[in-house]
Each structure stands twice: as C-alpha cells, then as structure tokens.
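Just so you know, the protein sequences line up as chains D and W, in that order. Taking the UniProt record's numbering, the leading residue of the first sequence gets 1, the next gets one more, and so forth. Taking the UniProt record's numbering, the leading residue of the second sequence gets 1, the next gets one more, and so forth. Here a beta-carbon is modelled for each residue, glycine too, at the ideal position from N, C-alpha and C. Because the structure is a prediction, the values reported are computed rather than measured. Following: one structure in structure tokens, then a few remarks.
Protein chains: 2
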Amino acid sequence: MKSLHAYLNRYVSALISEKDFEMIAGHFTPMELKKKQYLLKEGQVIDFFAFIVKGAMRKYYIDDKGKEHVINLYIENWWAGDRESFALLTPSRYYIETCEPCEILVITRENKEKLCRECPVFNEFILKLDEKYSVASQKRIASSISSSARERYDDFAARYPEFLQRFPQHLIASYLGITKDTLSRVLKQ
Amino acid sequence: MKSLHAYLNRYVSALISEKDFEMIAGHFTPMELKKKQYLLKEGQVIDFFAFIVKGAMRKYYIDDKGKEHVINLYIENWWAGDRESFALLTPSRYYIETCEPCEILVITRENKEKLCRECPVFNEFILKLDEKYSVASQKRIASSISSSARERYDDFAARYPEFLQRFPQHLIASYLGITKDTLSRVLKQ
DNA sequence: CCTCATTATCGTCATTTGTCTACGTTTTTT
DNA sequence: AAAAAACGTAGACAAATGACGATAATGAGG
Numbered sequence: 001m002k003s004l005h006a007y008l009n010r011y012v013s014a015l016i017s018e019k020d021f022e023m024i025a026g027h028f029t030p031m032e033l034k035k036k037q038y039l040l041k042e043g044q045v046i047d048f049f050a051f052i053v054k055g056a057m058r059k060y061y062i063d064d065k066g067k068e069h070v071i072n073l074y075i076e077n078w079w080a081g082d083r084e085s086f087a088l089l090t091p092s093r094y095y096i097e098t099c100e101p102c103e104i105l106v107i108t109r110e111n112k113e114k115l116c117r118e119c120p121v122f123n124e125f126i127l128k129l130d131e132k133y134s135v136a137s138q139k140r141i142a143s144s145i146s147s148s149a150r151e152r153y154d155d156f157a158a159r160y161p162e163f164l165q166r167f168p169q170h171l172i173a174s175y176l177g178i179t180k181d182t183l184s185r186v187l188k189q
Numbered sequence: 001m002k003s004l005h006a007y008l009n010r011y012v013s014a015l016i017s018e019k020d021f022e023m024i025a026g027h028f029t030p031m032e033l034k035k036k037q038y039l040l041k042e043g044q045v046i047d048f049f050a051f052i053v054k055g056a057m058r059k060y061y062i063d064d065k066g067k068e069h070v071i072n073l074y075i076e077n078w079w080a081g082d083r084e085s086f087a088l089l090t091p092s093r094y095y096i097e098t099c100e101p102c103e104i105l106v107i108t109r110e111n112k113e114k115l116c117r118e119c120p121v122f123n124e125f126i127l128k129l130d131e132k133y134s135v136a137s138q139k140r141i142a143s144s145i146s147s148s149a150r151e152r153y154d155d156f157a158a159r160y161p162e163f164l165q166r167f168p169q170h171l172i173a174s175y176l177g178i179t180k181d182t183l184s185r186v187l188k189q
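Rendered as structure tokens:
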C-alpha cells in the first residue's frame with residue numbers, strides 16, 4: 001500500500017492525510033498473479049481496475065484474422081483495466097495477461113464511485129489521471145498517424161525507457177503497430 | 001443555446017432544469033467565425049473550449065518536415081480545443097481552423113471549473129464526456145495500429161458517415177494517417 | 001459568367017513494411 | 001540435464017503506401 005500512497009501524492013495538490021489514505025486503502029483489495037495469468041479475457045465484463053504494485057502486464061486483442069495486437073503495456077504504478085467495459089458494462093474485446101508475476105491492488109466500480117463521492121482528494125486524483133491519460137492518448141494518436149516505424153520507436157524509447165527492459169521486442173513492436181521483423185530491421189541501423 | 005441544451009441532456013441521467021441551464025448558458029459566450037479562420041495557432045496557450053453549434057473545423061499540426069497532419073475533425077455538437085494546453089497552460093502545438101463559417105459557444109477555464117464546482121449536473125456531464133472521449137481514443141488507437149488504410153477508412157465511414165459529406169477527402173486521408181493519393185486509390189475498388 | 005483556388009485522380013517509380021521460412025540463441029519447463 | 005518454448009535476426013520476395021508531377025473536375029468568389 002505504501003506504493004499506492006506515494007503514487008497518489010504525486011497527483012494531488014496537497015499531500016494525502018493518514019486518515020484519508022486509510023479510507024482509500026480500505027477500498028482496495030490486494031491480489032497476486034502468476035506469470036502468464038489472465039486478469040481479463042475477451043467477453044467478460046470487467047467491474048474493477050487494478051493498480052500494479054509490482055510486475056508487468058499487457059492488454060491485447062485478437063483480430064478477425066487471429067492476430068494479436070498489443071494495445072497497452074503496463075508496469076509498476078500503472079492502471080490495468082478496460083474503461084469501456086468498466087463504464088458501460090459491456091463485454092470486453094480485450095485480454096489482459098501478466099508478463100511477470102504481479103502484485104496488484106484491485107478496486108471495484110462500486111468502491112471507486114463511493115470514494116469519488118466521499119473522498120474529495122481521491123476524486124481530484126481521478127480527474128488528474130483522466131487528464132493525463134487523455135493527453136497521452138492524443139500524443140499516441142498523433143505519433144501513429146504521422147510517424148514512421150523508426151520514429152515511433154524512438155518516441156516510445158524516449159518516453160518510456162524502462163519499458164524496453166521489461167518487455168520483449170515483439171510485444172513492443174506490436175504496441176507500435178509494426179511487426180517484430182520490421183522493428184528488428186529498423187533497429188539495426 | 002437550444003442546441004447546447006439538447007446536447008447536454010443526452011449525456012446526463014436526469015433532464016436539466018431551466019434554472020440549471022440558465023446558469024450553464026450564462027458561462028458560455030457565443031462567437032462567430034468565418035471560413036478559414038483560426039481558433040488557435042501553434043504557440044498560443046488556449047484557455048477555453050469551444051462547443052460547435054454550426055459549422056466544421058479541423059485541428060492539425062505541422063511536423064518538422066513542414067507537413068500538415070490532421071488530428072481531429074469537428075462538426076456540430078463537438079468540442080474543439082487542446083486539452084493539454086488547456087490543462088497544463090503550455091503553448092499548444094496545434095492549429096484549429098474552420099473549414100466552414102462557424103457559430104460556437106466558448107467557455108473559459110475559469111468558467112468551466114466554476115460550473116463543475118457549483119453545478120453538479122454540469123460536472124456529471126464533464127465526467128461522461130471524458131469517458132466517451134477516452135473510449136473513442138482507445139478505439140482510434142486500436143484501429144491505427146492494427147488496420148490497413150482501407151479498413152481504417154471503412155471504420156471511419158461507418159462510425160462518422162456525416163463527416164464524409166463535410167470534409168474533403170484529403171483531410172480525411174490525413175486524419176486517417178494516409179496520403180490523399182492512397183485514399184483515392186483505395187476507394188476506387 | 002469568368003477566373004482562380006481547391007480538390008480528386010492517375011501513372012510511375014521509390015520506399016517502407018509485411019510475409020514467410022529458417023536458424024541460432026536464450027529462457028523456461030519438465 | 002534434456003526438451004520445449006520463446007525470442008531475435010536474417011534474407012528473399014510481395015504488398016502496401018508514399019512521393020511527385022500532370023491533369024481534369026469542381027466549386028467559390030469576384
């Protein structure tokens with residue numbers, strides 16, 4: 001829980017009191033996952049988000065030709081989930097699978113909504129997180145429509161250097177929307 | 001203002017009272033723009049969002065090779081702005097230019113924050129809008145990393161058929177991350 | 001109605017990226 | 001330790017897309 005506390009403090013305008021944080025922490029459930037275990041499978045409705053305390057995961061989907069496409073990569077201090085399924089209660093199109101053994105903190109929809117209502121500092125955090133996510137999405141879109149494979153990789157490596165150590169190249173390639181072969185070629189220069 | 005009222009009602013759980021809407025409307029300023037006029041230019045800090053009552057716009061940026069890339073297309077009932085600059089007070093990297101004469105309703109950052117604090121129904125609307133935007137971004141990313149030019153166009157045409165009538169092909173091509181030539185070719189089949 | 005800018009298309013050629021198969025290495029599992 | 005799976009690289013070829021110049025069609029503005 002320490003790591004959640006430190007993480008939240010980086011988002012809000014004033015440090016979170018012990019009392020507030022106790023309340024927040026009480027709405028999360030710790031869980032452990034082994035390597036290659038699924039947090040979510042296609043077709044399920046996901047009613048929680050997971051904060052990653054330790055470990056790494058990826059979110060991907062399988063297209064109509066049977067190919068996997070990595071949508072997100074997650075490590076410590078990231079949130080794993082599917083907002084569409086979470087918000088609209090629809091079956092997810094995604095898989096979320098661990099790439100390493102993981103320790104996570106899970107919060108259900110009910111608890112999240114309750115915290116947002118009853119704990120202003122948590123609500124502030126959620127707003128900031130949304131903002132950050134929205135800005136990051138915009139940048140990823142801009143990069144994907146205007147840059148070559150090489151440029152996208154360089155952007156990625158500059159923005160998320162830790163990820164290069166944590167995920168095999170073919171997953172990063174998939175995340176960038178290119179094949180592992182192309183990435184391998186492009187890196188040789 | 002009628003159109004803003006109707007639009008907001010589509011997002012919130014209970015219809016917005018006359019009184020609430022009067023308060024909301026009081027925080028917006030109507031404006032008109034001619035064709036090819038700029039709402040935002042690169043380097044400016046934007047401290048407002050614009051709700052489009054009538055007309056069409058595009059947001060784009062110019063890369064280091066001098067090429068334009070369309071990031072967003074907007075028509076009636078869309079919001080034009082740059083969330084990064086708006087939230088972080090940083091100079092924008094984007095241009096927002098009208099493609100048709102426009103009527104818009106402008107809300108400043110201060111007014112938006114005030115409304116969120118003082119008008120619960122407006123706050124609810126903002127949360128829903130964020131959600132919708134987040135889901136749409138995710139889908140656009142998924143499409144851009146996993147689909148061919150043709151598939152991306154088909155997705156786009158299916159999701160936003162009105163846009164095909166409102167924007168010239170080369171802008172749609174740019175939005176999809178392909179050249180106008182490729183789109184023209186791809187459509188011939 | 002005329003003019004000029006905008007837009008769409010076409011052909012050719014270059015470049016990028018994908019596909020497939022193979023191979024060697026490393027890592028994981030048994 | 002042995003076997004199996006996962007991973008990165010390589011080469012040859014195919015397919016998709018970009019770049020460029022030319023031209024025709026369209027539409028807006030005077």
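Taking 8 Å as the threshold (C-beta atoms), are residue j and residue i in contact?
i: I52 (chain D); j: I107 (chain D); result: no
i: H69 (chain W); j: S146 (chain D); result: yes
i: R58 (chain D); j: L171 (chain D); result: yes
i: E131 (chain W); j: R140 (chain D); result: no
i: F48 (chain D); j: G81 (chain D); result: yes
i: A142 (chain D); j: Y61 (chain W); result: yes
i: Q169 (chain W); j: T98 (chain W); result: no
Could you name the residues of chain W that residue i contacts, counting a contact when the two beta carbons are closer than 9 Å?
i: I104 (chain D); result: Near I104 (chain D) there are no residues of chain W at all, since even the closest Cβ is about 21 Å away, more than 9 Å.
i: V135 (chain D); result: R83, E84, A87 and L88
i: H69 (chain D); result: A142, I145 and S146
I believe residue i touches residue j by the beta-carbon criterion, under 8 Å. Please report the beta-carbon distance rounded to the nearest angstrom.
i: Y95 (chain W); j: L40 (chain W); result: 6 Å
i: C119 (chain D); j: I24 (chain D); result: 6 Å
i: residue 240 (chain W); j: R166 (chain W); result: Outside the shown range of chain W (1 to 189) lies residue 240 (chain W), about which nothing can therefore be said.
i: S3 (chain W); j: S137 (chain D); result: 27 Å between Cβ atoms; not a contact.
i: E100 (chain W); j: K180 (chain W); result: At roughly 20 Å, the Cβ-Cβ gap does not stay under 8 Å, so E100 (chain W) and K180 (chain W) are not in contact.
i: I46 (chain W); j: S85 (chain W); result: 5 Å
i: A149 (chain D); j: V186 (chain D); result: 5 Å
Give me the chain D residues within the contact set of residue i, using Cβ-Cβ distance strictly less than 9 Å, ordered along the chain.
i: E131 (chain W); result: R83, E84, A87, L88 and D130
Go to residue i, then tell me how far its alpha helix (DSSP H) extends in each direction, as first and last residue.
i: L89 (chain D); result: That residue, L89 (chain D), is in no alpha helix (DSSP H); it is neither H nor E in DSSP.
i: T182 (chain W); result: K180 to L187
i: Q37 (chain D); result: First-last for Q37 (chain D): undefined, no H or E at that position.
For residue i, report the span of its beta strand (DSSP E) as first-last.
i: K41 (chain W); result: Segment: none, K41 (chain W) is in no beta strand (DSSP E) and carries neither H nor E.
i: V12 (chain D); result: Looking at the DSSP string, V12 (chain D) is not in any beta strand (DSSP E), and its letter there is neither H nor E.
i: T161 (chain W); result: Checking the sequence shown, residue 161 (chain W) turns out to be Pro, not Thr. Careful: P161 (chain W) lies outside any beta strand (DSSP E), inside the alpha helix (DSSP H) at P161 to R166.
i: T29 (chain D); result: T29 to L33
i: I62 (chain W); result: M57 to I62
i: I71 (chain W); result: E68 to Y74
i: E100 (chain D); result: Per DSSP, E100 (chain D) belongs to no beta strand (DSSP E) and is neither H nor E.
i: K54 (chain W); result: F48 to K54
Interface residues of chain W around residue i at Cβ under 8 Å?
i: S144 (chain D); result: I141, S144, I145 and G177
i: Q138 (chain D); result: I71, R83, E84 and S137
Under 7 Å Cβ-Cβ, which residues of chain D neighbour residue i?
i: I24 (chain W); result: Under the 7 Å cutoff, chain D gives no residues; its nearest Cβ is about 19 Å from I24 (chain W).
i: D63 (chain W); result: S146
Contact the stretch 60 to 75 of chain W vs the stretch 17 to 37 of chain W: 3+ CB pairs below 8 Å: no
At least three beta-carbon pairs within less than 8 Å, the stretch 167 to 183 of chain W to the stretch 149 to 156 of chain W: yes
Inter-stretch contact at 8 Å, needing at least 3 Cβ pairs: the stretch 121 to 138 of chain W / the stretch 9 to 18 of chain W: yes
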